[in-house]
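Asker: Quick one: the structure is below, and I'll ask about it shortly.
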Amino acid sequence: MRAQMNSTFTAKDDQEYGFEAAMDRQIRNFVKMLETKYISTDSETRPVDMAEKTQFLALDIIGDISIGKPFGYLEQDRDLFNYNEINLSSLPIMTFVSVLPGITDILHKWPFRLALPKEGDQVGFGRLMNFVTESVESGMLAKAGSLVQNHLENGLTKNDMIQQGFVTIIAGSNSTAHTLRLTLLSILTAPWALRALRSEIDPTGSAVSDPVSWREIQKLPYLQAVVKEGLRMWPPVSGLGFKRVPAGGAHVDGFFVPGGTEIGQAFLAVGRSQKVWGPDADVFRPERWLRAGAADLKKMNRALDTHFGGGKFSCLGKPIAMMELHKTVHELMKRFDMAIINPEKPMKTKASIFVCDTDFWVALRKRPE
7 MRAQMNSTFT
17 AKDDQEYGFE
27 AAMDRQIRNF
37 VKMLETKYIS
47 TDSETRPVDM
57 AEKTQFLALD
67 IIGDISIGKP
77 FGYLEQDRDL
87 FNYNEINLSS
97 LPIMTFVSVL
107 PGITDILHKW
117 PFRLALPKEG
127 DQVGFGRLMN
137 FVTESVESGM
147 LAKAGSLVQN
157 HLENGLTKND
167 MIQQGFVTII
177 AGSNSTAHTL
187 RLTLLSILTA
197 PWALRALRSE
207 IDPTGSAVSD
217 PVSWREIQKL
227 PYLQAVVKEG
237 LRMWPPVSGL
247 GFKRVPAGGA
257 HVDGFFVPGG
267 TEIGQAFLAV
277 GRSQKVWGPD
287 ADVFRPERWL
297 RAGAADLKKM
307 NRALDTHFGG
317 GKFSCLGKPI
327 AMMELHKTVH
337 ELMKRFDMAI
347 INPEKPMKTK
357 ASIFVCDTDF
367 WVALRKRPE
């Protein structure tokens, strides 16, 4: 299935990513929601929970890209189907199962299977499964270029697409939204980085697309450095991502590892290793990406890439995540001034297989055109 899906998530050098238009639609909806409902003034503060709103954005982007239409989180501005609430409580269980996958066989037996989500549920994962099924079935008649159509052309069955769509929604929304939130927090608490970023963004004015295009992003090196630095410090997953060494063993970084050994990765530790990032590894400093020599930059990029896995296990959704991070950071920093409502406790985090954040309250004001 992976080989059949791979071409859907890639683009040739002379082509645009097929999913960029869908992403742009939802980023515009996101900006519209913020401008309509959450702009503070001299006489009124309208706090907005960016933890919740960025989750809404990520879900609607994944929905539009995966099944051809958003779920409606941004339009309705509420936690549809209690998904986020149930998602937060379910992730610790997913972590346990990811480390001990044999447990899934037990969970699918009676009576445990009665507690599992299923199509027909009105809330949570089950309701989302039903939405995915309906959308995939309707998407089979969708316009060319949608992921549903691309998957069909590559030989995936309807059941394949339903399963993959559900996994993509859970994995793609939680992971990207977390890195986005913490990157925003890092920018807001590093005023020199914010100034440098805006000194690059502001001169472009109306010369760039609305929202900024992926091609235009390639000409904004400081924005790219900001996103890489945020991703380094705040990886999108916190599980161990175990991989099994093939029979015969393998040499890893000068060490022989016997076949059958399971190797996990502490993503946060990789992003904070002083061996790679230097003595200020715990400091948000985008300039490290712009001033590193060729050898160090290669080492840094290789370390960062491990956040997405490698080889046949690499994350297919990486192009989507990277585009979403760059575009959203650009649009928010271009359009809004942000103030953290509670600087002492800017947000709450809960780590399981993903890191879930809540209560990231900020005040927004529109920046001058």
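Every position in the sequence shown, counted from 1, becomes a number in my numbering once 6 is added.
No residue lacks a Cβ here, since even glycine has one placed at the ideal position from N, Cα and C.
In whole angstroms, what separates the C-alpha of Q10 from that of S46?
Answerer: With a pLDDT of 45 at Q10, under the threshold of 50, the modelled position of that residue is not reliable, and no figure is offered here.
Asker: Within its chain, find whatever has a CB closer than 7 Å to the CB of F273; leave out the 5 residues flanking it on each side and keep chain order.
Answerer: Cβ within range, chain order: P241, V243, S244 and H313.
Asker: Counting only runs of 4+ residues fully inside the stretch 213-263, write out the alpha helix (DSSP H) ranges in chain order.
Answerer: For the stretch 213-263, whole alpha helix (DSSP H) runs of length 4 or above, ordered along the chain, are 220-223 and 227-239.
Asker: State the Cα-Cα distance for the pair E293 and L229, rounded to the nearest angstrom.
Answerer: Each residue's alpha carbon lies about 11 Å from the other.
Asker: With a 10 Å radius around its C-beta and 16 neighbouring C-beta atoms as the bar for buried, classify R291 as buried or exposed.
Answerer: It is buried - the Cβ of R291 has at least 16 other Cβ atoms within 10 Å.
Asker: With a 10 Å radius around its C-beta and 16 neighbouring C-beta atoms as the bar for buried, classify F62 as buried or exposed.
Answerer: Under this definition F62 is a buried residue.
Asker: Inspect the CB distances between the stretch 221-236 and the stretch 37-56 and report whether three or more fall short of 8 Å.
Answerer: Touching, no.
Asker: Could you spell out the range, first to last residue, of the beta strand (DSSP E) harbouring F87?
Answerer: Where F87 is concerned, there is no enclosing beta strand (DSSP E), given that its DSSP letter is neither H nor E.
Asker: Counting only the same chain and skipping the five closest in sequence on each side, list residues whose C-beta sits under 6 Å from that of A28.
Answerer: For A28, where only same-chain residues beyond five positions count, the Cβ hits under 6 Å are D70 and I71.
Asker: Flag this pair as yes or no: are the beta carbons of I33 and K333 separated by less than 8 Å?
Answerer: Cβ distance < 8 Å, so I33 and K333 count as in contact.
Asker: Which residues bound the beta strand (DSSP E) around D30?
Answerer: Looking at the DSSP string, D30 is not in any beta strand (DSSP E); the run it does join, the alpha helix (DSSP H), is E26 to K43.
Asker: Quick check: what's the CA-CA separation for R373 versus M344?
Answerer: The alpha-carbon atoms of R373 and M344 are separated by roughly 10 Å.
Asker: Distance, Cα to Cα, I347 vs M353?
Answerer: I347 and M353: Cα-Cα distance of roughly 10 Å.
Asker: Less than 8 Å between the C-beta atoms of T189 and V54, yes or no?
Answerer: No, the pair does not count as a contact, with Cβ atoms beyond the cut-off.
Asker: Where does F342 fall in DSSP's three states?
Answerer: Three-state result, F342: strand.
Asker: Assign T60 to buried or exposed, taking buried as 16 or more other Cβ atoms, counted over all protein chains shown, within 10 Å of its Cβ.
Answerer: The residue in question, T60, is buried, as its Cβ has 16 or more Cβ neighbours within 10 Å.
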